[in-house]
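Here is the structure we will look at.
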Amino acid sequence: CLNLQYHLLIRLQSYKINAYLSYRNNQFDMARNRIAYEKKVVAQMIRLYCRCKEGNRAVCDSCRQLQEYAFARLDRCRFGERKPACRNCKVHCYKPEMRQQMRAVMRYAGPRMLLSNPILVLCHMAETMRRKRRNAHAG
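In structure tokens:
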């Protein structure tokens, strides 16, 4: 019984260390390459939406088109690495139908990402709070 408790404790500690390292790496990635980070989040959200909401094993054509469109918009973002969240942006570069489709994907996948990829969600929330704090001090 003590041996089992010891192994569980070791596993828990290694999980915490891996989670912390993953968090630190994500923080570094967000600070260094915001566009790549946004693409990663969008791809995971679309994959989750297509798999769970639409019941597909692989990403369907309409979801793939949405992902390609989102990636193209991110690549052409006029703000570059200093881009705000798309919903807070003054320039809406999405076509209205694509924006509506992306909003539906995010509304469905956002809360469910906490179960599928909790570290990414926590990093995203931390980054959002950090940006709000920075903007509050700046303006």
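Each residue of the sequence shown is one higher than the one before, counting from 352 in our numbering.
C-beta: ideal position from N, C-alpha, C; glycine also.
| Check | Outcome |
| --- | --- |
| Ordered along the chain, which non-local residues of its own chain (more than five positions away) have a Cβ less than 8 Å from that of R433? | R385 |
| A394 to N468, Cα distance in whole Å? | 12 Å |
| Report yes if the CB atom of Y459 is closer than 8 Å to the CB atom of K390, and no otherwise. | no |
| Would the beta-carbon of R450 fall within 8 Å of that of H443? | yes |
| Taking C-beta to C-beta, are L465 and V456 nearer than 8 Å? | no |
| Quick one: what does DSSP say Y388 is sitting in, helix, strand or coil? | helix |
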